[in-house]
Structures are given as structure tokens and as C-alpha cells.
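S.K.: For the sequence shown, full-length UniProt numbering begins at 1 and goes up steadily by one. Pasting a structure below so you can have a look.
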Amino acid sequence: MAHLIVGKDDFFLEDRLVEHLRFVVGQKLRRGEAFLLTWSYPAEQGSGRRSVWVHEGSMLHFRLPKASAGLNAEWLSRLLEASHSVRGLNLDEVPEPSSSADEEGRGDDPRERAHSVGRRS
């Protein structure tokens, strides 16, 4: 699991999600665009959501356990598009598209993947 560190808080998220999120945050901040970032806590952490206003002065750190396996251009596009919305980027609502997900019956329905993407340490 990768880490998203916001100030002094450390959150565990899926490696590929953090790799893609790092790219999206970099693109947004490079353009001077602030946005709301939201994700869910898992049940073992009491369930709930965390939202962070991401801006040029944000204390964000990304810690990844290994080198990237590559970025999915379609997912990056969806994440960037969602970050421009009034509600901001909700990580639970933008699952990674893949043909293997369709084959396994998960599909691209965000409600099927909306179960907490992150854990707080």
C-alpha cells in the first residue's frame, strides 16, 4: 500500500491510485488550480470520508513502495475531469477502467467500487 501524507496525517491507498493521483495533483498545481480531494475510510477505521482542499501551499507527500508499472491514460483523463467538477475529485467515484475489471464482473460502475479506497494509519 502507498501512503498519502497530508500535513501530519498518513493515509494508506492503493499503489496504482496514488501513482495516478500524484500525476493529477502535479498537473493541477502546475496550472495553479486548487481543488477538493475526497476519499473514504474503511469500516475498520470507523467508516467515513476525508476531504482535503489541495492548493499550492498544501503539505502533501506521496510515498510509494516501488516504481510505477505505468499510467493508464483513460483513468488519468477521468481523474482530471472529475477534479474540475464543483464537487472536486472523489476517489471513490472514479475507478480505474480496465478490460479485466469487466471480465471479472466489476465493471466501471463507481458504486461497485465505492467501498473505501484508503485506510488511515
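Where a beta carbon is used, it is the ideal one built from N, C-alpha and C, also for glycine. For clarity, every value in this text was computed on a predicted model and none was experimentally measured.
Can you list, in chain order, the residues of its chain with a C-beta nearer than 6 Å to that of Met59? Leave out the 5 residues immediately preceding and following it.
M.R.: Cβ within range, chain order: Gly7.
S.K.: Does DSSP put Ser47 in a helix, a strand or coil?
M.R.: coil
S.K.: Between Gly32, Leu17, Val54, which lies nearest to Arg78 when the distance is taken from Cα to Cα?
M.R.: Among Gly32, Leu17, Val54, the Cα nearest to that of Arg78 is on Leu17.
S.K.: Does the beta-carbon of Pro65 have 16 or more other beta-carbons within 10 angstroms, so that it is buried, or is it exposed?
M.R.: exposed
S.K.: Since His61 is in the beta strand (DSSP E), which residue starts that stretch and which ends it?
M.R.: 60–63
S.K.: Cβ atoms of Ala82 and Asn90: under 8 Å apart, would you say?
M.R.: Taking 8 Å as the Cβ cut-off, Asn90 and Ala82 qualify as a contacting pair.
S.K.: Please look up how many angstroms separate the CB atoms of Ile5 and His61, rounded, as I've assumed it's under 8 Å.
M.R.: 4 Å
S.K.: Output the distance between the C-alpha atoms of Leu80 and Phe12, rounded to the nearest integer angstrom.
M.R.: 21 Å
S.K.: Short of 7 Å in beta carbon distance, which residues of its chain neighbour Phe35, apart from the five on each side in sequence? Order them along the chain.
M.R.: Lys28, Val54, Ser83, Gly88, Leu89
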